[in-house]
Amino acid sequence: MTRGGGEKAVTLLWALRSPCPLSCRYCYFGTIEEHRDSPVTGPGTLSHLSRNDLTAADVLAFARSIAGSAVKRVFLAGGEPLVWPPILSLIEILKGGGVQVVVATNGIPLNRPDLARALVDLQVDAVSVSLDSTDAAYNDAWRPARNGKDGWQQVIDGIQSLSAARGTAPAPHVGVYMVVTRHNLTDLTATGRLAADLGCDYFVPQPVALDPDHTLHRQLALTTDDLPILGQQFAALADAQLPVWTPRASYPGQVADAVRVPTGFVRGCFGGRSLFFIEPDGSVWDCPSSLRIAATPASRRRTILDGTAAQVFAADDGCADCPLFSVDCVNMWPLMDFDQVLSTSAGTAS
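In our numbering, each number is its position in the sequence shown, counted from 1, plus 492.
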């Protein structure tokens, strides 16, 4: 991906805020309950209880500096970005600066008609909704709402609300991201079919990424024993020829490689060159890989408070050939292929 003139184009994955109305048990932020007992510390660690999120003024000031920089596309994630009051102001600034915006959401806020309408009016490029299964009970067991009320049905309703608000408009593209675990692996193809039935434009099944010492790693993380079923599900998804974009043909093999060899080597990594990860406190990392963050020397740590986007992302000194390939990396490849998603007309993916 390049900007006009052929210069490097940068993609930002911006974990905008720490709070979230869900309490997903495998969330890379951890859970509020465990962090109340054992607060996390140290560079790169995340928590929904974070008290260090940047102020709205700091976030918006940095966003204004992105116009004219190497940044072409920003993925706004969280926490849940759509419950942050200034979110529409941030999107307006980014879009006004000629930047593509993709919002990653749990989908429940999309039930607000005013919010769904605003995302269309602001010409947000895409909205990625998290949905893990066709089975509401499974989805809600692993992605419970803190209010004890919202869940799978509200996610479905949110997707439909946004699609209705979009109508025949060219944007936003709407897609489903599925976190694949040992427990929902056999539902992969069916979840893709559900995304198609909902009129979505893309479907991305991504393997759960948990550190080996995570309490749920043995229960949820894919193993080599799961690879035959994984292959069958990806093959069935391809054979179904659903009217949604799915990751490139090499993606199932990349997932399998990450399962077979938890830590490997990748040549020409885009982390720190065309991809950067921003945390809610403003910390900037080459990528969201927990391995890569832990290996980052203090001299390479930076923050968006250091200056403008042009200054923060000026150096082309990323990890390049990286010995820390993991499941975290696999989940970045579809994100970096988003040119393909956005090249289709919304509502007509193939």
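Every residue gets a Cβ at the ideal spot worked out from N, C-alpha and C, and that includes glycine.
- In the three-state reduction of the DSSP assignment, Trp-576 falls in the coil class, being assigned neither a helical nor a strand state.
- Ranked by how close their Cα comes to the Cα of Ser-620, the residues Gly-667, Phe-762, Cys-519, Val-672 have Gly-667 in first place.
- When only Cα atoms are considered, Ala-713 and Ala-701 end up about 7 Å apart.
- When Cβ pairs closer than 8 Å are counted between the two stretches, the segment 578 to 585 is seen not to touch the segment 511 to 520, the count staying below three.
- Check the Cα spacing between Trp-825 and each of Thr-715, Ala-569, Trp-576, Thr-738: the tightest is with Thr-738.
- Looking at the DSSP output, Arg-658 sits in no beta bridge, so it has no partner there.
- Thr-626 is positioned such that its CB atom lies no closer than 9 Å to that of Thr-673.
- The three-state reading of DSSP puts Tyr-694 in strand, counting E and B together.
- A direct Cα-to-Cα measurement between Gln-803 and Ile-558 gives close to 10 Å.
- Taking C-beta atoms as the reference points, Phe-567 and Ala-801 fail to come closer than 9 Å.
- In the DSSP assignment, the residues bridged to Pro-699 are Val-672.
- Our two residues, Val-822 and Arg-609, have alpha carbons roughly 33 Å apart in a direct line.
- A Cβ-Cβ distance of about 13 Å is found for the pair Ile-600 and Gly-640, leaving them out of contact under the 8 Å criterion.
- A buried status is given to Ser-782, since no fewer than 16 other beta-carbon atoms sit within 10 Å of its beta-carbon.
- The alpha carbon of Leu-690 has as its nearest neighbour, out of Pro-720, Ala-656, Phe-817, the alpha carbon of Ala-656.
- For the options Met-670, Ala-786, Ala-806, Gly-763, the alpha carbon positioned closest to that of Asp-813 is the one of Gly-763.
- Under the criterion of beta carbons closer than 8 Å, Leu-546 and Leu-767 do not qualify as touching, at roughly 20 Å.
- Straight across, the Cα-Cα distance linking Val-616 with Asn-631 is about 27 Å.
- Measuring C-alpha to C-alpha distances from Ala-838 to each of Gly-571, Cys-692, Asp-624, Arg-556 identifies Cys-692 as the nearest.
- Per DSSP, Cys-512 lies in no alpha helix (DSSP H) segment and is marked neither H nor E.
- Counted as a single uninterrupted DSSP element, the beta strand (DSSP E) harbouring Pro-815 occupies residues 814 to 817.
- Its Cα nearest to that of Lys-564, the residue Gly-588 stands out among Gly-588, Leu-574, Trp-576, Pro-577.
- Within the segment 764 to 840, the complete alpha helix (DSSP H) runs of at least 4 residues fall at 782 to 787, 801 to 804, 819 to 822, 825 to 828, 830 to 834.
- Between Leu-623 and Ile-648, the C-beta gap is smaller than 9 Å, which places the two residues in contact.
- With a contact defined as Cβ atoms closer than 8 Å, Thr-597 and Leu-614 miss out at about 14 Å.
- If you ignore the 5 residues before and after Asn-544, its C-beta comes within less than 8 Å of the C-beta of Pro-772, Asp-773, all in its own chain and listed in chain order.
- With 16 or more other Cβ atoms from the protein chains shown falling within 10 Å of its own Cβ, Pro-697 counts as buried.
- Residue state for Gln-724 is assigned as helix, using DSSP reduced to three classes.
- With at least 16 other beta carbons inside 10 angstroms of its own, Leu-816 counts as buried.
- The alpha-carbon of Leu-708 is positioned some 11 Å away from that of Trp-634.
- Taken atom to atom, the span from the alpha-carbon of Gln-652 to that of Ala-688 is near 12 Å.
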